[in-house]
Each structure stands twice: as structure tokens, then as C-alpha cells.
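Novice:
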Amino acid sequence: MVGLKQYKQDPFWFLKTSVVRTVLFLPILAACIYYFEPSLKTLALYSLPILLLTLAGSWQMFSGLALGSAIVFYDKGFAGTDILWVLAGLLVTFPVSSIMHSAAHGSFRPRFLNRFLGELMGFWHNLSIDIWAVVHYYHHKHTDIPNLDPHPALGQTYMGFLDDSGRSFGAAFTHHFFECHGKGDRAIRAFHLSVLNFKVRSPIVSMIWFLLLGPKAFVLFYGTNIVFKRYHYAWFNWATHRKTGDEVQVLNLNHGLYKFVNLISWNLYYHGNHHAYPFLINPKNLPAQVKAKENNSAA
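One gets our numbering by counting positions in the sequence shown from 1 and adding 642 to each.
1. Assuming residue 823 contacts residue 814 (C-beta within less than 8 Å), just tell me the rounded distance between them.
2. What's the gap between the Cα of residue 717 and the Cα of residue 869?
3. Using 10 angstroms around the beta-carbon of residue 763, count the other beta-carbons present and answer buried if the total reaches 16, otherwise exposed.
4. Alpha helix (DSSP H) containing residue 644: first to last residue?
5. State the start and end residues of the unbroken alpha helix (DSSP H) segment that holds residue 818.
6. What are the start and end residues of each continuous alpha helix (DSSP H) run of 4 or more residues lying completely inside the stretch 860-896, in chain order?
7. Would you decide whether residue 851 is buried or exposed? Buried here means 16 or more other CB atoms lie within 10 Å of its CB.
8. Are there any heavy atoms of the ligand MG lying less than 8 Å away from the beta-carbon of residue 792, as far as the coordinates show?
9. Return the first residue and the last residue of the alpha helix (DSSP H) that residue 684 is part of.
10. One question on the structure: do residue 890 and residue 883 come within less than 9 Å of each other, judged by their Cβ atoms?
11. Just to confirm before moving on: does the CB-CB distance between residue 794 and residue 786 stay below 9 Å?
12. Looking at residue 707 and residue 695, is the spacing between their C-beta atoms short of 9 Å?
13. Any idea if residue 725 is buried or exposed, counting beta-carbon neighbours within 10 angstroms, 16 or more meaning buried?
14. Do residue 833 and residue 816 come within 9 Å of each other at the CB atom, strictly closer than that value?
15. Going by beta-carbon coordinates alone, are residue 644 and residue 757 separated by less than 9 Å?
16. Quick one: what does DSSP say residue 716 is sitting in, helix, strand or coil?
17. Which residue marks the beginning of the alpha helix (DSSP H) containing residue 782, and which one marks its end?
18. Who are the near neighbours of residue 893 in its chain, counting only those whose CB is closer than 7 Å to its CB and skipping five residues on each side?
19. Go through its chain and collect everything with a Cβ distance to residue 802's Cβ below 7 Å, but skip five positions before and after it.
20. For residue 818, I'd like the list of residues in its chain whose CB is within less than 7 Å of its CB, leaving aside the five on either flank, ordered along the chain.
21. Return helix, strand or coil for residue 942, following the three-state DSSP convention.
22. Between the C-alpha atoms of residue 668 and residue 887, what's the straight-line distance to the nearest angstrom?
23. Residue 843 lies in the alpha helix (DSSP H); which residues open and close that run?
24. Would you decide whether residue 768 is buried or exposed? Buried here means 16 or more other CB atoms lie within 10 Å of its CB.
25. What's the C-alpha gap between residue 684 and residue 657?
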């Protein structure tokens, strides 16, 4: 897992990597402001949607997208081709999620690609590859164990799972951080400073994309992608981890729309295979020796 070793050794690892990103992003933001010269009216008009899209809650993000869309249509008007921005925002979610997933596992070769691609996808999705990778590590280590897995299958409806995902993620992340680093003053300070820095960095990233893309593409393309990413992340984990009675099955899904999603995302929804062989970039394509072993077992 990307950054896992450093995280276990240093409670300030998340903070250090986040500060480095913030220091790198600030001059990019300054250059965008200098080059694009946004008016104060434009910044004031879109500031609330930009802020809402940086929040972690699904309903806050959806509200940001809805408000931003209303402002865009008031400010820029509506063209029939605008639906293409929305469609692109939906579709790009799947390959970006798949690349980030494989990068977190350290699946790419040469190895430096994992950090490079993880940072690139994290910049697009406004996430930290280090936090994402460590949280995902605990998902594999404690799959579907309540309070230990950041998103355990509890037999809920999808909306129940979505509503509970933020709480379960935060609770599991906090538990594992302090279990790893203890609850001394140094660890507590590292934890709170990491959270604070992320809250500062996140709007900076959103503002960079706003200036680079312009208001319409930012809201309809980027905003759609960011919001859909949140809802899809919950759907993915809810659909592929199915609780029946006291047992939880991790499923491979390749029917209906899942076939198309798998086609554009290196078979992301072959999640059962992924849990069995987590370092495969394409979990549908099991190595020949694995297939031979499974065939022998079946025989």
C-alpha cells in the first residue's frame, strides 16, 4: 500500500504529505488567478457551490452541485450540448476510481507510477492518496467487521449505507490512527493538524479546477464527477459486499450496466477476485497458475 510503512512509523505522515501538496498547490492557484483574472463578481457568485463541493457529506455535495447548476444556467445559459459535460463527468468516475485503487495497492510497474498516478487521481478527486491507501488497507484487513472496516456491510438499504458511510469511515479511521500511534499529545496533535490542513487544502484544489475549467465545465463536468464519485463509492461497496444472515459475500458483478462499467474501468466490479488477489490491476484476468489451482480444486 502506498505510504503505509511511513504512516505506521510517523503519526505526522499524513500532515507532512498534505502540507507538501498545499505548498505545491498555492503557486498553481496564484498562477491561475494571474492568468485567468477572474472577476470578483464571478468568485462571489460561485463561492458557495465551490465550498459545498469540498465538504465530505453526500447531501452537502449534492446541494453544491444543484446550486452551482442553477447559477451556471442563470449566468451562462443552457445549451443542448451541456448534457455532454454531465455525461463525461459520470463516465470518468469509473476509470479514475480504478486507477486510484490500483495505485493505492502498489500494483503498477515501475513502482514510481503508483505514487505518480495516485497523486494525479487524488488531485482530480480532491483526495489524499496516502489517507485513501491506509483506509483501504484497513478495509482489506478487517473486511466487513463493524467498527473496524471503514465501510462494513450491515445489511442496510443503499440509502442507509450511504448515510452511515461518513460516520463509519470517520470512526474507523480515528480508531485505527490512535491504535497505531497511541493517544499521547503528539499523536492527538498530529491527528487534528492533519484534519485541519485537509480542510484548508481542499478548497484550494477546487478553486484551481474552477479557474482551469471555467464555471460551466467546473460545475457540470467536475462537480458531477465529484458528487457522483461519492455516491458511486457507496454503491460500489454496498453492491459488492452482500450480507445474508450472519455471512457476508464479496461479489464479482458483470451483468447489465456492470458489463459496461467493467469495460471502461479494468473490471473494477470483479471485487470478489480483487479481495482474493488484491494486487491485480485487472481482477478479471487471474494469473494462469491461479486458474489452474482453482480448476484442480473444483475437480
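All C-beta atoms in this analysis are idealised placements derived from N, C-alpha and C, irrespective of residue type, glycine included. What you are looking at is a predicted structure, and each value in this text was computed from that prediction instead of being measured.
Specialist: This is what the structure gives:
1. Rounded, the Cβ-Cβ distance is 15 Å, inconsistent with contact.
2. 22 Å
3. buried
4. No alpha helix (DSSP H) holds residue 644; DSSP gives it neither H nor E.
5. 800-823
6. 866-882
7. buried
8. By its list of ligands, the structure shown contains no ligand whatsoever, and the ligand MG lies outside what it can speak to.
9. 682-695
10. yes
11. yes
12. yes
13. exposed
14. yes
15. yes
16. helix
17. 771-783
18. 882, 884, 913 and 914
19. none
20. 780
21. Coverage of the chain is limited to positions 643 through 941, which leaves residue 942 absent and any answer about it impossible.
22. 51 Å
23. 827-855
24. buried
25. 32 Å
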